[in-house]
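Reminder that position 69 of the sequence shown reads as 70 in the numbering used here, one-by-one numbering, no gaps. Even glycine gets a Cβ: it sits at the ideal position worked out from N, Cα and C. Computed from a predicted model, the values in this text were never measured in an experiment. Each remark here refers to the structure printed beneath this line.
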Amino acid sequence: MELLRLGLDGQLTVDPADMEVASLDFGMLGKIEPLAVLHPSSAQDVARVVKAAYGSAHGFTVSARGHGHSINGQAQTGKGVVVQMSGSRAVPPRVVVGERYVDVWGGELWIDVLKSTLEHGLAPKSWTDYLYLSVGGTLSNAGISGQAFNHGPQINNVHELDVVTGKGELLTCSEEKNSELFYAVLGGLGQFGIITRARIALEPAPQRVRWIRVLYSNFMAFTGDQEYLISLHDRPASQKFDYVEGFVIVDEGLINNWRSSFFSPRNPVKISSLGSNGSILYCLEITKNYDESTADTVDQRLNFIPASVFITDLPYLDFLDRVHKAELKLRTKGLWEVPHPWLNLFVPKSRIGDFDKGVFKGILGNKTSGPILVYPMNKNKLIR
């Protein structure tokens with residue numbers, strides 16, 4: 002009842018459809034129905050609800066939900082209100098071309114941020130592999146993809162935030178202003194506040210991307226080449242790649258099915274033709290944004306399987322949105338809204354070989370057909 006007296010401009014609802022959406026997440030491992038769902042029309046709505054929860058005599062919880070891609074119920078609550086940040090669009094993205102930044106609502110999806118900035122020939126510097134995630138959601142974690150070795154994760158590319166604290170205060174913070182809150186919220190797993198606005202650094206956007214995949218049968222050669230490539234991060238743009246990632250192939254069908262927009266259906270990759278003898282393979286993914294470069298000489302120092310180089314060229318937007326194409330294909334097969342008991346781990350360089358032997362070649366064997374991604378990271382780029 003106290004929520005009904007808050008004078009909210011947005012919609013507080015117990016509609017069964019809204020409750021059903023808020024009770025689930027991408028992990029699909031558990032269902033928890035909230036007491037109500039708030040669709041805020043402004044940051045002030047978020048602040049009012051959190052302040053009411055903080056001062057409530059009876060107590061209730063508030064959980065911010067972006068696009069619902071938590072794995073283990075982090076955005077769910079059974080004793081309170083889920084704030085549905087995505088879809089609300091309290092404020093449209095505002096691109097400032099001269100200073101190369103964009104101000105965005107915390108619930109804005111990265112795909113929409115990208116489309117807004119591309120209209121001005123600009124784009125954020127660091128990404129996640131999947132763009133249908135909210136800005137506030139990824140910034141509350143880290144935001145890691147193949148650009149992180151060069152620019153750091155997404156949290157390293159934020160100038161300023163508006164945050165609703167646990168007491169319901171709406172504060173602006175940055176490296177210079179309320180810096181303790183700024184650093185706590187970025188990568189803080191939502192424990193220090195709800196991000197309602199973020200100011201994201203931009204750079205000139207390339208028009209096209211050359212996307213290269215090469216295969217390895219030797220794990221140490223694979224990781225050695227990843228380490229070599231990310232060591233070039235301080236070199237001129239013409240002497241390094243713009244994206245370095247990789248994945249593990251434990252099933253012959255995986256390379257053609259996962260993120261399959263890379264390969265043509267008329268020319269499927271046959272692992273058996275690469276001389277792997279049915280063992281695990283490792284795929285290095287690298288890209289070069291279109292310009293005159295020395296990428297051809299850089300990749301001459303890599304140690305991949307001869308004749309295992311696969312190259313495609315595509316628009317920049319299509320490359321960044323590549324996983325969405327795989328999503329659409331999986332949805333048609335009923336394989337997207339299924340349990341995702343996924344795990345993200347930081348493994349030190351000194352133990353990565355043991356991880357390969359114990360997990361990739363040991364525990365997993367050929368028992369999984371899901372994605373196993375390997376991101377090489379530069380520690381000196383993890384400043385937050």
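For this session: Please report how far the alpha carbon of Gln12 lies from the alpha carbon of Asp130, in whole angstroms.
Result: Mapped onto the sequence shown, residue 12 falls at position 11. Mapped onto the sequence shown, residue 130 falls at position 129. Their Cα atoms are separated by approximately 32 Å.
Problem set entry | Val98 versus Glu204: straight-line alpha-carbon distance, rounded | Taking the sequence shown and counting its residues from 1, one reaches residue 98 at position 97. Taking the sequence shown and counting its residues from 1, one reaches residue 204 at position 203. Roughly 10 Å separates the two Cα atoms.
Problem set entry | Length of the line joining the Cα atoms of Met20 and Ala37 | Position 19 of the sequence shown, counted from the first residue, corresponds to residue 20. Position 36 of the sequence shown, counted from the first residue, corresponds to residue 37. Cα to Cα, the separation comes out at about 7 Å.
Exercise. So what does DSSP say about Gly247, is it helix, strand or coil?
Worked result: Position 246 of the sequence shown, counted from the start, is the residue given in the question as residue 247. Residue state, collapsed to three classes: strand.
Problem set entry | C-alpha gap between Thr118 and Trp111, whole angstroms | Counting from 1 along the sequence shown, the entry for residue 118 is found at position 117. Counting from 1 along the sequence shown, the entry for residue 111 is found at position 110. C-alpha separation (whole angstroms): 10 Å.
Exercise. Considering only the beta carbon of each residue, do Gly167 and Met86 sit closer than 9 Å?
Worked result: Here the question's residue 167 lines up with position 166 in the sequence shown. Here the question's residue 86 lines up with position 85 in the sequence shown. Not in contact: Gly167 and Met86 (Cβ atoms no closer than 9 Å).
For this session: Give me the Cβ distance between Ile201 and Val103, rounded to the nearest whole Å; I'm assuming they're in contact under 8 Å.
Result: Against the sequence shown, residue 201 aligns to sequence position 200. Against the sequence shown, residue 103 aligns to sequence position 102. Confirmed, Cβ separation roughly 5 Å.
Problem set entry | Member of Ile231, Glu109, Tyr283 and Arg101 whose CA lies at the smallest distance from the CA of Asn381 | Along the sequence shown, one-based indexing puts residue 381 at 380. When only C-alpha atoms are compared, the closest one is Ile231.
Exercise. Would Trp212 be called buried (16 or more neighbouring beta carbons within 10 Å of its own) or exposed?
Worked result: Start at 1 with the first residue of the sequence shown, and residue 212 comes out as number 211. Burial call: buried.
Exercise. Can you tell me whether DSSP reads Tyr217 as helix, strand or coil?
Worked result: Here residue 217 corresponds to residue number 216 of the sequence shown, with the count starting at 1. Tyr217: strand per DSSP, three-state reduction.
Problem set entry | Completely contained beta strand (DSSP E) runs for the segment 87 to 119, where each covers 3 or more residues | 95 to 97 and 102 to 106
For this session: Would you mind reading off the limits of the beta strand (DSSP E) that contains Ala65?
Result: As a position in the sequence shown, residue 65 is number 64, starting the count at 1. That run of the beta strand (DSSP E) goes Thr62 to Arg66.
Exercise. What does a CB cutoff of less than 8 Å around Pro342 pick up in its chain, not counting 5 residues either side in sequence?
Worked result: By 1-based counting over the sequence shown, the position of residue 342 is 341. If we look at Pro342 and ignore the five residues flanking it on each side, its Cβ neighbours are Gly28, Leu30 and Ile72.
Problem set entry | 7 Å CB neighbourhood of Asn459 in its chain, flanking five on each side removed | The question about residue 459 has no answer, for the chain in this structure spans 2 to 385.
For this session: Would you mind reading off the limits of the alpha helix (DSSP H) that contains Asn17?
Result: As a working note, residue 17 is residue 16 in the sequence shown. Position check: residue 17 holds Pro in this sequence, whereas Asn was assumed. First-last of the alpha helix (DSSP H) with Pro17: Pro17 to Ala23.
For this session: List the endpoints of the continuous alpha helix (DSSP H) containing Gln8.
Result: Numbered from its first residue, the sequence shown carries residue 8 at position 7. Note that residue 8 corresponds to Gly in the displayed sequence, not to Gln. Run containing Gly8: none; DSSP gives neither H nor E here.
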